[in-house]
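S.K.:
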Amino acid sequence: MDEHSLDTVRAWVQEAPHIAVLTGAGISAESGVPTFRDAQTGYWAQFRAEEMATEEGFRSHPQRVWDWYQYRRDLLQGVQPNAAHHALADFERRHPGRLTLITQNVDGLHQRAGSNGVLCLHGDIFEDRWLDTPRSCCHIRHASAGHPPYCDRCGNLVRPGVVWFGEALPYATFEAAEQAARQCALMLVVGTAGAVYPAAGLAHQARSAGARVVVLNPANSELDGAAHAVLRGAAGALLPQVLSA
Ligand code: APR
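Spelled out as structure tokens, the structure:
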């Protein structure tokens, strides 16, 4: 880690009236949650995103996809937020209203660390919703048990409440994220490969609107070129130092 850049970024944090933070799977890696694109350990090294994270994939193999989300839900029950999630929640407590937390993660670890008002761009893995528009017979709490659960009257299937590839982001959440990107003086981009849009576009929007952009990542990311500074390292080591000032 470059001490000079760390000090510079800490000074930027101190100066910034408003900070937006965009997080990705890497912030939960130290909690033991696999990322998507890391070679070998990432989910997309094992599975095809087209099969596991699209509506078409779910319709073709509902049981396989449902069981994979169930496996991920079970894994998440056994992990804890790490130093990076806690550093963000602590900063919010010490500086109410100064930080907007935007995440691509569906794991709920920011909320479990105590962050409030997290803008979850890609939904919540613990939420269930109907695959097709629910009819009057579809009651999610009374869905028949199955892989996935289903409506025993019309056959509608329950799906996880995440945003799959090709689906729109929740409108109001994304609007709020764009507003934070446009209005912040500093954006920290933590633990994301920066490969998925429109989420990654928030860093470009922040930069175009005049904010400083800092990437925190142990490896190269697609947003390094949009950053004024890149801090190489794990989020759990870097964020507590960056935000402690
Ligand atoms: N600290 C910080 N970053 C880390 C750490 C760590 N300890 N470990 C890994 N990383 C970085 C990796 O170097 C990589 O750049 O986290 C990033 C994870 O990238 P992805 O797996 O692509 O995750 P993300 O960018 O969040 O993916 C975006 O893609 O599959 C979809 O919907 C899914 O929300 C997800 C979206």
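So the sequence shown is numbered by this note's numbering: it starts at 24 and just counts up by one.
Built from N, CA and C at the ideal position, the CB exists for glycine as well.
Model, not experiment: these values are computed from the prediction.
(1) Could you tell me the boundaries of the beta strand (DSSP E) in which D97 lies?
(2) Looking at the secondary structure, which residues open and close the alpha helix (DSSP H) in which R116 lies?
(3) Is Q69 near ligand 1, in the sense that its beta carbon is under 7 Å from a heavy atom of that ligand?
(4) Expressed to the nearest angstrom, what Euclidean distance is found between the alpha-carbon atoms of M210 and A260?
(5) To the nearest angstrom, report how far apart L254 and L239 are at their CA atoms.
(6) Are there 16 or more other CB atoms within 10 angstroms of the CB of H133, so buried, or fewer, so exposed?
(7) Quick one: is S267 buried, meaning 16 or more other Cβ sit within 10 Å of its Cβ, or exposed?
(8) For V219, which option in E198, L192, A229, T196 has the closest C-alpha, if you only look at C-alpha atoms?
(9) Can you give me the C-alpha to C-alpha distance between V36 and H165, rounded to a whole angstrom?
(10) Does the region 111-118 come close enough to the region 60-67 that 3 or more CB-CB pairs lie under 8 Å?
(11) Using a Cβ cut-off of 8 Å (strictly closer), state whether Q134 contacts chain C.
(12) Rank V129, A223, V237 by C-alpha distance to the C-alpha of A39 and give the top, closest one.
(13) Given 7 Å as the limit, tell me if H145 has its C-beta closer than that to any heavy atom belonging to ligand 1.
(14) Are the region 39-52 and the region 119-137 touching by the rule of at least three beta carbon pairs closer than 8 Å?
(15) Using the three-state DSSP reduction, which class does V36 fall into: helix, strand or coil?
(16) Output the distance between the C-alpha atoms of F197 and Q86, rounded to the nearest integer angstrom.
(17) Taking 8 Å as the threshold (C-beta atoms), are A208 and T123 in contact?
(18) Measuring from the CB of R117, is there a heavy atom of ligand 1 at a distance below 7 Å?
(19) Could you please give me the residues that DSSP links to A312 through a beta bridge?
(20) For ligand 1, is there a heavy atom less than 7 Å away from the beta-carbon of F81?
(21) Measure how close the beta-carbons of G214 and A226 come, nearest whole angstrom, since I'm counting them as under 8 Å.
M.R.: The structure says:
(1) Counting along the chain, D97 falls outside any beta strand (DSSP E), though it belongs to the alpha helix (DSSP H) covering 85-100.
(2) Unbroken alpha helix (DSSP H) run through R116: 106-117.
(3) No, since every heavy atom of ligand 1 falls outside the 7 Å radius drawn around the Cβ of Q69.
(4) Cα to Cα, the separation comes out at about 18 Å.
(5) Rounded to whole angstroms, L254 to L239 spans 5 Å at the Cα level.
(6) Result: buried.
(7) With fewer than 16 other Cβ atoms within 10 Å, it is exposed.
(8) Ranking E198, L192, A229, T196 by Cα distance to V219 puts L192 first.
(9) Going from the Cα of V36 to the Cα of H165 covers about 48 Å.
(10) Output reads no: the region 111-118 does not touch the region 60-67.
(11) The chain inventory of the structure shown lacks chain C, comprising one protein chain alone.
(12) The residue with the shortest Cα to Cα distance from A39 is V237.
(13) Indeed, a heavy atom of ligand 1 lies less than 7 Å from the Cβ.
(14) At 8 Å Cβ cutoff, the stretches touch.
(15) DSSP places V36 within a helical segment (H, G or I) once states are collapsed to three.
(16) Here the alpha carbon of F197 sits roughly 30 Å from the alpha carbon of Q86.
(17) Annotated as distal: T123 and A208, with beta-carbon spacing of 8 Å or more.
(18) The answer is no for R117.
(19) The displayed coordinates of the chain run from 24 to 268. Any statement about residue 312 would go beyond what the structure contains.
(20) For F81, the shortest C-beta to heavy atom distance toward ligand 1 is 7 Å or greater.
(21) Not confirmed; about 13 Å, so no contact.
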